[in-house]
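Each residue of the sequence shown is one higher than the one before, starting from -2 at the first, in our numbering. Beneath this line is the structure, given in structure tokens, with notes to follow.
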Amino acid sequence: MPDAPDFRSLFDATLSPLLILDPGFTIVEVNRAYLTATRTDRSIVGRLVFDAFPDNPDDPSADGVANLRRSLETVAAGGRTDTMALQRYDIPSGEEGGFTERYWSPVNTPVLGDDGRVRYIIHRVEDVTDFVRQRRAGREQRRAAAEAQTRAEGMEIDLFVRAREIREVNEQLSRANAELAAAGRRLREEQQAKDRFIATLSHELRNPLAAATAATELLALDMPEGHPALSVLERQLGILARMSNDLLDGTRAVTGRLELVRDPVDLRSVVHGACADIRGLFGHEGRTLGLVLPAEPVLVDGDRLRLAQVLTNLLSNALKYTRPGGHTEVGLTAADGRARLTVRDDGIGFDPGQAEELFGVFKRAAPAGPDTPEGLGLGLAVARTVVELHGGLISAHSDGPGKGATFVVLLHTTDSASPRHSRPSAAPAPPRRLGLLIVEDNADLAETYRTLLARQGHDVTAVHTGNDALAATGARPFDVVLCDLGLPDIDGYAVARAIRARPEGDTLRLIAVSGFSQGTDRALARAAGFDALLAKPLPLTDLLELLERLDKS
-2 MPDAPDFRSL FDATLSPLLI LDPGFTIVEV NRAYLTATRT DRSIVGRLVF DAFPDNPDDP
58 SADGVANLRR SLETVAAGGR TDTMALQRYD IPSGEEGGFT ERYWSPVNTP VLGDDGRVRY
118 IIHRVEDVTD FVRQRRAGRE QRRAAAEAQT RAEGMEIDLF VRAREIREVN EQLSRANAEL
178 AAAGRRLREE QQAKDRFIAT LSHELRNPLA AATAATELLA LDMPEGHPAL SVLERQLGIL
238 ARMSNDLLDG TRAVTGRLEL VRDPVDLRSV VHGACADIRG LFGHEGRTLG LVLPAEPVLV
298 DGDRLRLAQV LTNLLSNALK YTRPGGHTEV GLTAADGRAR LTVRDDGIGF DPGQAEELFG
358 VFKRAAPAGP DTPEGLGLGL AVARTVVELH GGLISAHSDG PGKGATFVVL LHTTDSASPR
418 HSRPSAAPAP PRRLGLLIVE DNADLAETYR TLLARQGHDV TAVHTGNDAL AATGARPFDV
478 VLCDLGLPDI DGYAVARAIR ARPEGDTLRL IAVSGFSQGT DRALARAAGF DALLAKPLPL
538 TDLLELLERL DKS
């Protein structure tokens, strides 16, 4: 039998804003969508709904409280759903005494106990402010007209569907548990199908991306004087790699499966390395990148790679929305047990009210269009998830369009010893000639890896199937086998297990390479006998560093 659904998580993940009231109209629970829509926090729980959301005192015609009270009293007295007409109900703006104009489409639904009495009232709302404003203001230009029409049609459809759901709600209450269980199963199945799709898509993207990256590195070796096209290739391949990572990590962020490998980390080295990796992109079209680091270490208990990913995503965001000739400044400070990382640019900025929305999945600071920079709208969502997994906070601020943007990351510092691991800026040449076997079904990638590693002085053989790999390792000894996990006949796990089962199987090093980069892949690779797993695209410096480390161990 499948596990019972986590109803609290399902409630909190529901996209519709929901508020749960007791019969006395006190707030007893609220989901994330409601807090976001009303710009409040969980401190409203336990308060009378009319106290938490009073009328705007600056609007003499405000009747939101009276209308809501009338509807709730009707539901409490009659035990039947009440669909309210479209309401103007302003919400506090966060400024002292200020209110923001808002329009809502509310539905109040009773939850009846076994005795037929009302135990709770579900207050469901949809923010229709934009719909009202668009209808009031009219359509001033073609694109605005198309967007308004699409949203209006969607709102009308939603209102129609919700009206039908309201008529059926009493009948559905008796079947709620069974339907929720079925919905939970469908949700898990859909999530699994989506995960498989994302993983497969990531794999299919990474194979040609890995081949192109390796070919670019080979061209760089053949042209030590450099070529303008090489910098273009490296820049665009880097963008593709980040988009591929964001696509996969965005899915993990939404589903809560993003993993951390914690270690005491000096944030100065993380910031310096991330800035060094991306500085070349800022040099394009005259953009500049400044960096200010403290003299003393700034230690946090965190995942070095994930923290570097946070800064890389913030810098990529600044790069996309900073005009040619613009400047981005990165600063790191520490005080009162907290590290403060700031990324400030003089780019296009955004409406201050849009700050929280920027961290949503597939959200962008600028609407899609021919002049919009490339990107999936996932980088900031991934950055927020990583920061929150570290127990930190991330926020965005802008004084308005055209006035630049500032992103601030706050992390708790630690008194732990210095980091145990630090990655050198460049991998030195391996100390000796190694016998290498490359197992890769992508012929272009196999040949490019073979040529690159041969250029480093190694004796390299390339095969394209798992069975050929077993035959090759049985015919002659190798120091290292670099094996793709996805092969056309038997997978890389089976290859590793077969090699390790041989009498001489413990004498060589096995490195798994895969376009799939999920946490389960690493566990399976270790169980099969691999010494390490590397994700495509695989930079030559990373591979050489690993070969040297394995050779010395």
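For glycine and all other residues, C-beta sits at the position ideal for the given N, C-alpha and C.
Val262 and Gly270 have their C-alpha atoms spaced approximately 13 angstroms apart.
Excluding sequence positions up to five before and after Leu386, its CB lies within less than 6 angstroms of the CB of Leu257, all in the same chain and listed in chain order. Per DSSP, reduced to three states, the secondary structure at Glu385 is helical. Between the segment 440 to 448 and the segment 392 to 402, the count of C-beta pairs closer than 8 angstroms stays below three; the two stretches do not touch. A straight-line Cα-Cα distance of about 20 angstroms links Leu32 and Gly389.
Three or more beta-carbon pairs separated by less than 8 angstroms are not found between the segment 328 to 340 and the segment 8 to 27, which leaves the two stretches without contact. For Asn464, the enclosing alpha helix (DSSP H) has its first and last residue at 463 to 472. Partner residues in a beta bridge of Val62, as assigned by DSSP, do not exist. A direct Cα-Cα distance of roughly 24 angstroms separates Gln84 from Gly43.
Taking all protein chains shown into account, Val289 has fewer than 16 neighbouring C-beta atoms within 10 Å of its C-beta and is therefore exposed. Counting only the Cα atoms, Asp300 lies some 6 angstroms from Asp260.
Val25 counts as exposed, since fewer than 16 other C-beta atoms from the protein chains shown sit within 10 angstroms of its C-beta. Beta bridge pairing from DSSP links Thr403 with Arg341, His394. Listed as beta-bridge partners of Gln84 by DSSP are Trp101.
When the five nearest sequence neighbours on each side are left out, the beta carbons in the same chain lying within less than 7 angstroms of the beta carbon of Ala380 are those of Val307, Asn310, Leu311, Ile391, in order along the chain. Taking 8 angstroms as the cut-off, the Cβ atoms of Arg159 and Phe128 do not count as close.
Taking all protein chains shown into account, His455 has 16 or more neighbouring C-beta atoms within 10 Å of its C-beta and is therefore buried. Taking the C-beta atoms as reference points, Leu264 is found nearer than 8 angstroms to Ala336. The straight-line gap separating the alpha-carbon atoms of Arg506 and Val457 is approximately 14 angstroms.
Inclusion of Leu535 and Asp476 in the CB contact set at 8 angstroms is not warranted, their separation being larger than that value. When DSSP states are grouped into helix, strand and coil, Val510 belongs to the strand group. For Gly299, the uninterrupted beta strand (DSSP E) run begins and ends at 296 to 299, by DSSP. The beta carbon of Val115 lies closer than 8 angstroms to those of Pro20, Val72, Ala73, Gly76, Pro107, Val108, Leu109 in the same chain, with the five residues before and after it left out. Judged by DSSP secondary structure, Ala498 falls within the alpha helix (DSSP H) whose first and last residues are 489 to 498.
Around the C-beta of Phe347, 16 or more other C-beta atoms lie within 10 Å, and the residue is accordingly described as buried. By the neighbour-count definition (other C-beta atoms within 10 Å, threshold 16), Asp56 is an exposed residue. Under the three-state reduction of DSSP, Asp9 is assigned to helix. Here Ser6 is exposed, its C-beta having fewer than 16 other C-beta atoms within 10 Å. For the 8 angstroms CB-CB criterion, Pro103 and Met81 form a contact.
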